[in-house]
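**Student:** Residue numbers (our numbering): -3 to 719.
Each residue gets a CB set at the ideal place from its N, CA and C atoms; glycine is no exception.
In this text the structure is predicted, and so the values were computed from the model without any measurement.
Take this structure first; my questions come after.
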């Protein structure tokens, strides 16, 4: 299976934010769409996770024989960079050639960062970067570098930290001016080409910066060094002395209270507007409920999570015609969406809705999970142009099916059939619209999140086809985005001509987020498929992650490797946003890896990450709900649910189904199939001592490698899981 990650972008619709795409929400403004998904098991078939661009200027860089200009970006693979390949600006990709030119000619660097579906990035390109006069000013006085933030999140994070620290906000397009040794001294986001009433124009900004460089070069260099030193101090996350991990009870209680304070009682969610789906918050609330089932606080946590998921599903943020969820709602009611859909949202939300079904038994949540996975499996439809909503509707659910049926005098099943037929007709009409252009970039991290979504949903909903698709995706990553020689992941690859997989001439290796999300996906895939080869690869990647990113002094993982001299800072993300912070996921990954291998050093590392982030966890845990959730897994220890049995046996499948249908956080599933030469038996010697009771498939609950009495029925296993 080939997964092509792309983004479906859009121009802003009515009611959306008016400024540049804002930065405080990590990895915003991109979405993925997946082309028609045939059976993964058929030979020579391909799945494409594609991103579609809403801009007419999108696609493969507008390669035109009639173009007046062609710059170095024409040799790049990133669709975003290719979109600028015919600008009159003499763009360089991020790299040594540009750095050497800046030093050799003693010129400032103009760094422009964006991504292919960012509306204001396209606006600035059309207004300024296609302007020949502005291009001349840039070419004569600056070395101009263009960066795709999805391809190089390491570069983006460093300079976004600077922009956010020195201005009132941040966002994309990001415009930063650097000294020849890459130190930032001026930055902003979108600039109009000419001066206006409220904002200085881009041309004026360029000329003023150039004048300051000529007149006050020494001062600018001194100030840039001071700013860099302040940034180093500001972004320093680490442990101090002999600190211990924070109390799980204190962190979890405070996080719940902070989420409760921001909760919207009427419409669900955790803000007024814009309102984002926040799977990390929902996962935290599910775990909080599971640990406090018999208390009013636990019941409240579950009510908040389920209500939020229902209101999102009823709202316009949910695409009732073409399935899936948009990036966020521009209003409090989840009604008018920002018309982009992101792969990482679909993966996380599919898992969240599946868990909601697992907990509640309400088929509504299972239907929404299936809706999301249908969307991802088929395609992501279209981006909507500016002002499309004038005089038109965004569909939402106002009333329950029962009330609607009563209002119109219909039987419930009759109403359901009418709605199915109506949606089919509306979908056919929507397909007549022009399709957006495609972004053929594939990202390891986003695919890792989607593997988790398919795998968890496949296990919980009992849908083998979902698990099969997760297997196909993982196989593609292993075959095309992993080097067995170096043990490293690639960050990205691209769909080339004839659906061939292409890679950059200078490979971009995976960042921390790529490792943690892929490892998490592989653990989830093992639990869904019971194939230990996925465990083996996950453990291999965990060792490589430790080697490349671990901070032995301050603890926790850096986002990037130490090997790149062009990066001024090695940072540690300290906020769960649209995607969880990599260190948040790393805590649970380490505990799972230790449970599967007996490697206790990983338990120690998990505690050291919590220690490094303890100040933030104790003061404002609501910004790190995934890590707050992981404190319970650390302090309570993960329990090993071991099922001894034949993988093909009906009695084994019955016990597995019991595990899948019961929401139990802080557990790992192990299938002891009797193959003593296999991966699990090699690492966990105690498995050889566990027997099948009376020849039947048998379950044990183990902790610190000591196990409970055996049980052989689903009822007994469920009681044991819920203890």
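#1: When the Cα atoms are used, what is the spatial distance from residue 637 to residue 531?
#2: Given a cut-off of 8 Å on the beta-carbon distance, is the pair residue 570 and residue 612 in contact?
#3: Residue 232 by DSSP, collapsed to three states: which one?
#4: I'd like to check one pair, residue 248 with residue 584: are the Cβ atoms closer than 8 Å?
#5: Excluding the five sequence neighbours on either side, which residues of its own chain have a C-beta within less than 8 Å of the C-beta of residue 321, listed in chain order?
#6: Report the residue ranges of all beta strand (DSSP E) runs contained in full by the region 663 to 707; include only those spanning at least 3 residues, in chain order.
#7: Between the alpha carbons of residue 674 and residue 515, how many angstroms are there, rounded?
#8: Since residue 76 and residue 110 are thought to touch, with beta carbons under 8 Å apart, how far apart are those beta carbons, to the nearest angstrom?
#9: Which stretch, first to last residue, makes up the beta strand (DSSP E) that contains residue 183?
#10: For residue 593, count the other beta carbons within 10 Å of its own beta carbon; 16 or more makes it buried, fewer makes it exposed. Which is it?
#11: Would you mind reading off the limits of the beta strand (DSSP E) that contains residue 490?
#12: Determine the closest residue to residue 460 out of 521, 476, 443, 493, with distance taken between C-alpha atoms.
#13: Going by DSSP in three states, residue 446 sits in which element: helix, strand or coil?
#14: In whole angstroms, give me the CA-to-CA distance for residue 84 and residue 285.
#15: Kindly confirm or deny that the region 646 to 666 and the region 596 to 607 touch, where touching means at least three C-beta pairs closer than 8 Å.
#16: Exposed or buried, what is residue 299 when buried is set at 16 or more other beta-carbons lying within 10 Å of its beta-carbon?
#17: Report yes if the C-beta distance between residue 559 and residue 605 is below 8 Å; otherwise report no.
#18: Give the list of continuous alpha helix (DSSP H) stretches no shorter than 4 residues that lie fully inside the region 142 to 210.
#19: Residue 456 to residue 358, Cα distance in whole Å?
#20: Are three or more beta carbon pairs between the region 542 to 549 and the region 142 to 150 nearer than 8 Å?
#21: Measure the C-alpha to C-alpha separation of residue 415 and residue 311 and round it to an integer number of angstroms.
#22: Under 8 Å Cβ to Cβ from residue 555, same chain only, skipping five residues before and after it: list those, please.
#23: Output needed for residue 302: all residues of its chain with C-beta closer than 7 Å, excluding positions within five of it in sequence on either side, in chain order.
#24: According to DSSP, is residue 325 helix, strand or coil?
#25: Check the C-beta distance from residue 634 over to residue 688 and give it rounded, since I have them as a contact under 8 Å.
#26: Could you check where the alpha helix (DSSP H) with residue 562 kicks off and where it finishes?
#27: Span of the alpha helix (DSSP H) holding residue 460?
#28: From which residue to which residue does the beta strand (DSSP E) around residue 106 run?
#29: Tell me where the alpha helix (DSSP H) around residue 533 begins and ends.
#30: Does DSSP classify residue 213 as helix, strand or coil?
#31: Would you report the Cα separation of residue 698 and residue 665, rounded to the nearest angstrom?
#32: For the region 76 to 107, which segments carrying the alpha helix (DSSP H) assignment without a break, of at least 4 residues, lie completely within its bounds, in sequence order?
#33: In terms of residue numbering, what span does the beta strand (DSSP E) encompassing residue 439 cover?
#34: Who are the near neighbours of residue 700 in its chain, counting only those whose CB is closer than 6 Å to its CB and skipping five residues on each side?
#35: Identify whether residue 616 lies in helix, strand or coil by the three-state DSSP scheme.
#36: Taking the C-alpha atoms as reference points, what is the distance between residue 79 and residue 119?
**Tutor:** Walking through what the data contain:
#1: 16 Å
#2: yes
#3: coil
#4: Not a contact, by the Cβ cut-off of 8 Å.
#5: Answer for residue 321: 273, 308, 313, 314, 315, 337, 341, 342, 345, 368, listed in chain order.
#6: 663 to 668, 694 to 699
#7: Going from the Cα of residue 674 to the Cα of residue 515 covers about 20 Å.
#8: 6 Å
#9: Annotation for residue 183: the continuous beta strand (DSSP E) segment containing it runs 180 to 184.
#10: buried
#11: 488 to 491
#12: Nearest in C-alpha terms to residue 460, of all of 521, 476, 443, 493, is 521.
#13: helix
#14: 58 Å
#15: no
#16: exposed
#17: no
#18: 149 to 162
#19: Answer to the nearest angstrom: the Cα atoms are 13 Å apart.
#20: When C-beta atoms of the region 542 to 549 are compared with those of the region 142 to 150, fewer than three pairs fall below 8 Å, so the two segments do not count as touching.
#21: In this structure, the CA atom of residue 415 is about 16 Å from the CA atom of residue 311.
#22: The answer, listed in chain order, is 149, 150, 153, 507, 508, 509, 545, 566, 567, 568, 569, 578.
#23: 352, 356
#24: strand
#25: About 24 Å; that fails the 8 Å criterion.
#26: That residue, residue 562, is in no alpha helix (DSSP H); it is neither H nor E in DSSP.
#27: 460 to 476
#28: Residue 106 -> beta strand (DSSP E) spans 104 to 110.
#29: Unbroken alpha helix (DSSP H) run through residue 533: 528 to 545.
#30: Reduced to three states, the DSSP call for residue 213 is helix.
#31: 10 Å
#32: 92 to 101
#33: 437 to 439
#34: none
#35: coil
#36: 12 Å
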